[in-house]
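>
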Amino acid sequence: MTPRPEAVAAADWWAAKLAEQPRHDVGAAQPNALANAVSALVRRQRTQAQIEAFREALAEEINRHVERYGWRPDEPDFGSYMRTIAVDYGPDPVLADAAEKAGFELQMLDLPVKTVMWINPGVVKVAEGYGARPVVIWRADR
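Letter by letter, the sequence shown follows residues 5 to 146 of my numbering.
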């Protein structure tokens, strides 16, 4: 099954974050600096092939994930909380499963911490970092 456009957009965003050095915002200056410094020291650089494999596996994982929780295009916010993907004190199981299928293990600081993504019919939003406001990263052309 071909993943829906929302799943592809979401997977593209997470794969782009995996490809770069993440900026961590945990809500306070000293812990932010510590998280960013530790991340820079321990982070493993992924190959382009690994990132592509992650992107593809993640689009499929997200597609399965969102279908479980009431995908209603006429009521896009219905079940929204259940269709979130987050990184708090570790990666969301959807992200971890996609990484495993791509042949590697995600660590706590591989992706931006305190980040939440909402995947709803026609729109994908992300709040990246502690207390961040959601930003639309993809919207269907209506």
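For each residue, glycine too, the CB sits at the ideal point set by N, CA and C.
#1: Apart from the five residues on each side of it in sequence, which residues of its chain come closer than 6 Å, Cβ to Cβ, to proline 59?
#2: Kindly confirm or deny that the segment 48-65 and the segment 115-124 touch, where touching means at least three C-beta pairs closer than 8 Å.
#3: Who are the Cβ neighbours of isoleucine 55 in its own chain at under 7 Å, not counting the five residues just before and after it?
#4: Which of the three DSSP states, helix, strand or coil, is assigned to leucine 45?
#5: Near arginine 137, what residues of its chain come up, given a Cβ to Cβ distance below 8 Å and the 5 sequence neighbours on each side ignored?
#6: Taking the alpha-carbon positions, what's the glutamate 10 to alanine 53 distance?
#7: When DSSP builds the beta bridges, which residues end up paired with methionine 121?
#8: In chain order, what residues of the same chain have a beta carbon less than 8 Å from the beta carbon of valine 127, not counting five sequence neighbours either side?
#9: Would you say proline 125 and leucine 110 are within 9 Å of each other, going by their C-beta atoms?
Taking the coordinates as given:
#1: Reading off the sequence shown, one finds arginine at residue 59, where the question assumed proline. Around arginine 59, the same chain offers Ala15, Ala19 as residues with beta carbons nearer than 6 Å, after the five sequence neighbours per side are excluded.
#2: Contact between the segment 48-65 and the segment 115-124 is absent: fewer than 3 CB-CB pairs across the two stretches fall below 8 Å.
#3: Excluding its 5 nearest sequence neighbours in each direction, isoleucine 55 has C-beta neighbours in its own chain below 7 Å: Ala19, Leu22, Ala23, listed in chain order.
#4: Because leucine 45 carries a pLDDT of 46, less than 50, the predicted location of this residue cannot be relied on, and no value is offered for it.
#5: So the list reads Ala131, once near-sequence residues are dropped.
#6: Answer to the nearest angstrom: the Cα atoms are 22 Å apart.
#7: Answer is Ile89, Val130.
#8: If you ignore the 5 residues before and after valine 127, its C-beta comes within less than 8 Å of the C-beta of Glu10, Pro80, Val140, Trp142, Arg143, Ala144, all in its own chain and listed in chain order.
#9: No. Outside cutoff.
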